[in-house]
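**Student:**
Numbering (this note's numbering), first residue to last: 82 to 548.
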C-alpha cells in the first residue's frame, strides 16, 4: 500500500473517531449529567443526596439538635399566661431562614391545655427566646413543650451570623411588689449606619437563675451612634417584698383555722375574735407570691369536708373561702386540731402540690385540743392532744413546716410550741386578736429566703444565609 493511501486511511479513521465522539458525547452527558445540588442524587462531593459538601443545604447527619435550655408558662393574670422558651443552636455554620414552632402547655397528665404558634430565624451558634403572649388556659399548666415544624428543620443551610450593633445599658427593674417595670436603653454602636429592625426579649430571673417573667417588643431605625429607651411592664407583681426580693422556691401553704364556739366571745356581730382572725388570714393570702399556692381547712368538732379550699394559685377564691368561714350554730363546737392537721397533710401531698415547692402549714387555734375522743376510752383526756402531736410529727417527717399560733391567754402554749410547731421559733402567741395581723405578716416574711432579681435582654440574632 502506497504511503499516500495509508495517510488517507488514517485521516478517515481520525475523522470517523471525531464523528463518533461527537455523536456519543450528548448521550454520555444525558446518562451522566454534571453533578448539581438539585439532581436528587448523591454525587460529586455530597455527603448525602443533594446535601453536604459544596451544597448550601446540610445533611441531617451533619446537624446537632437544638437544645431547649428552659420552657415555661408564666402567669400574667388569672387564666392567662406568657409562654417562653430559651433555645440554643450549637451548629457553628448552619442556620434556618424561617422555622415555625409551637409552644404547647400540658397538664400533669400530659393533656394539651393550650398552645401558641410562631416562627423565627435560627442563626448559627446562637441563643434565642421564643415568646407567645397572653395565652388563655382553663387549668393550671404543669409544663411547656417546644416543637419545631419538622419540614423546616430539614432546611439547614450554610449561614454566617451577623454581629448585632445594638447593646443594652442602664437596665433598671422597679415596682416588683406592685406592677413591675423594666427599663433599659439600646445603643446603636454603628457610627456609620442606622440600625434596622430588631426583635427583643426581656427575661427576669430569681437569684437561682430561674426565670420568673418574660416579655417581648420590637425596635427599628435607631440612628447611627444613637440610643433608644425601651421598657417592659407586667400587670401583676413578682414578689410580696417591697425591696424587690423573691423566694428562691415557691411556697405551698395550708391555712388551718379554728372556728370552734370559743371564736365567738360575747356573741357579737360580727363575731370576735373570728372576724379579726379571718382578716389577718386573708392578708396572709394577699401577701403570697404569684407562684405560691394557698389552701384552707377550718375546724371545730371536725374539719370541713371537703376542705374549705384546695391548694390554688387563685388567691381571690381562697380569700373568699376564708371570708366564708363561720361558726356552726345549734350545737356545742369543740376543738379538733389533729384531724384538721391531717386534712392539711393530705392536701399538701396531693397532685395539686407544686413539685419542689416548700410546704407549710399555718395553724391557728384558741383552745386546747379536745376532739376526737379516744374510741377505746372516751374519758382519756390526753388522746386529742396526742393525736394532734402525732399529725404534727407526721408533717415534720414529710418535711412540711408547721407554724402554730395560739390565740388568747388560756391556751397551752408549751404544747403548741414543743409538740405542734416544727421548732419553738415557729410558735407565736397572740394574747389579743389584734396581734394576729402582725403575726401572719411575720410568718409570711419568714417562710422563704429573700433574694434579688437578675435581668436579661435578648436581642434575636440575625444571619446571612446562602441561597
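Yeah, the Cβ is synthetic: ideal placement off N, Cα and C, and Gly gets one too.
Skipping 5 residues on each side, what residues in its chain have a beta carbon closer than 7 Å to that of residue 383?
**Tutor:** Correct list, in chain order: 417 and 420.
**Student:** Is it true that the segment 125-132 meets the segment 190-204, where meeting means three or more beta-carbon pairs spaced less than 8 Å apart?
**Tutor:** Flag = no, the segment 125-132 and the segment 190-204 do not touch.
**Student:** Please state if the CB of residue 444 and the CB of residue 337 are separated by a distance shorter than 7 Å.
**Tutor:** Their beta carbons are under 7 Å apart, which means residue 337 touches residue 444 by this criterion.
**Student:** What does DSSP give as the partner residue(s) for residue 305 in the beta ladder?
**Tutor:** Per DSSP, none; premise fails for residue 305.
**Student:** Could you have a look at residue 498 and say whether DSSP puts it in helix, strand or coil?
**Tutor:** Reduced to three states, the DSSP call for residue 498 is helix.
**Student:** Residue 281: buried (16+ other C-beta within 10 angstroms of its C-beta) or exposed?
**Tutor:** Label assigned to residue 281: buried.
**Student:** Where DSSP assigns a beta bridge to residue 526, which residues make up the other side?
**Tutor:** Partner(s): none; residue 526 has no beta bridge.
**Student:** Return the CA-CA distance between residue 370 and residue 142, expressed in angstroms with no decimal places.
**Tutor:** Spanning the two alpha carbons is a distance of roughly 46 Å.
**Student:** Tell me whether residue 228 is buried or exposed, calling it buried when 16 or more other Cβ atoms sit within 10 Å of its Cβ.
**Tutor:** By the neighbour-count rule (16 or more Cβ atoms within 10 Å), residue 228 is not buried but exposed.
**Student:** Return the CA-CA distance between residue 136 and residue 182, expressed in angstroms with no decimal places.
**Tutor:** So the two alpha carbons sit approximately 26 Å from each other.
**Student:** Taking just the CA atoms, how far does residue 430 sit from residue 536?
**Tutor:** For residue 536 and residue 430, the distance between alpha carbons rounds to 34 Å.
**Student:** I'd like to know whether the C-beta atoms of residue 208 and residue 180 end up nearer to each other than 7 Å.
**Tutor:** Taking 7 Å as the Cβ cut-off, residue 208 and residue 180 do not qualify as a contacting pair.
**Student:** Mapping DSSP to helix, strand and coil, what is residue 197?
**Tutor:** Here residue 197 sits in strand by DSSP.
**Student:** Nearest to residue 513 by alpha carbon, out of 523, 500, 490 and 503?
**Tutor:** Comparing Cα positions, the closest option is 490.
**Student:** Going by CA-CA distance only, name the one from 402, 470, 475 and 231 that's closest to residue 497.
**Tutor:** The shortest Cα separation from residue 497 among 402, 470, 475 and 231 belongs to 470.
**Student:** Based on Cα-Cα distance, which residue from 401, 391, 395 and 343 lies nearest to residue 408?
**Tutor:** The shortest C-alpha separation from residue 408 is found at 343.
**Student:** Could you pull the DSSP bridge partners for residue 280 from this structure?
**Tutor:** 299.
**Student:** Which class does residue 390 belong to by DSSP, given the choice of helix, strand or coil?
**Tutor:** Strand, per DSSP.
**Student:** Taking the straight line between their C-alpha atoms, what separation do you get for residue 487 and residue 339?
**Tutor:** For residue 487 and residue 339, the distance between alpha carbons rounds to 10 Å.
**Student:** From residue 521 to residue 362, what distance separates their C-alpha atoms?
**Tutor:** Using only the alpha carbons, I get a separation of about 7 Å.
**Student:** Going by C-alpha distance, which of 139, 397 and 120 is nearest residue 235?
**Tutor:** Checking every option, the nearest Cα to that of residue 235 belongs to 139.
**Student:** Which same chain residues, not among the five before or five after residue 485, have their C-beta less than 6 Å away from its C-beta?
**Tutor:** Only 444, 497, 501, 502 and 508 meet the Cβ criterion.
**Student:** Please name the residue or residues paired with residue 151 in a DSSP beta bridge.
**Tutor:** Answer is 167.
**Student:** Rounded to a whole number of angstroms, what is the C-alpha to C-alpha distance between residue 373 and residue 399?
**Tutor:** So the alpha carbons of these two residues sit roughly 12 Å apart.
**Student:** On a CA-only basis, which of 222, 126 and 483 is nearest residue 426? Give me that one, please.
**Tutor:** Selected option, being the one with the closest Cα: 483.
**Student:** Can you give the Cα-Cα distance for residue 381 and residue 260, rounded to whole angstroms?
**Tutor:** Their backbone Cα atoms lie some 39 Å apart in a straight line.
**Student:** Measure the alpha-carbon distance for residue 270 versus residue 301 and round it to whole angstroms.
**Tutor:** The straight-line gap from Cα to Cα measures roughly 14 Å.
**Student:** Look up residue 241 in the DSSP assignment and give the residues it is bridged to.
**Tutor:** Partner(s): 545.
**Student:** Starting from residue 268, follow the beta strand (DSSP E) in both directions and report where the run begins and ends.
**Tutor:** 262-269 is the span of the beta strand (DSSP E), which, as asked, contains residue 268.
**Student:** Beta-carbon within less than 7 Å of residue 277's beta-carbon, same chain only, minus the 5 sequence neighbours each way: which residues are those?
**Tutor:** Counting only Cβ-Cβ distances below 7 Å, and skipping sequence neighbours, we find 301.
**Student:** Report all residues from its chain with a CB closer than 6 Å to the CB of residue 197; omit the five preceding and five following residues, and keep chain order.
**Tutor:** So the qualifying residues of the chain are 164, 184, 213 and 216.
**Student:** Exposed or buried, residue 358, counting other C-beta atoms within 10 Å across all chains shown (16 or more means buried)?
**Tutor:** The residue is buried, with at least 16 neighbouring Cβ atoms inside 10 Å.
**Student:** List the DSSP bridge partners of residue 340.
**Tutor:** In the DSSP output, where bridge partners are listed per residue, residue 340 has none listed.
**Student:** Can you list, in chain order, the residues of its chain whose CB lies under 8 Å from that of residue 243, leaving out five sequence neighbours each side?
**Tutor:** For residue 243, where only same-chain residues beyond five positions count, the Cβ hits under 8 Å are 204, 542, 543, 544 and 545.
**Student:** Please report the straight-line C-alpha distance between residue 160 and residue 355, rounded to a whole angstrom.
**Tutor:** Distance between the alpha carbons of residue 160 and residue 355: 32 Å.
**Student:** For residue 247, tell me which candidate among 481, 402, 254 and 304 has the shortest Cα-Cα distance.
**Tutor:** It is 304.
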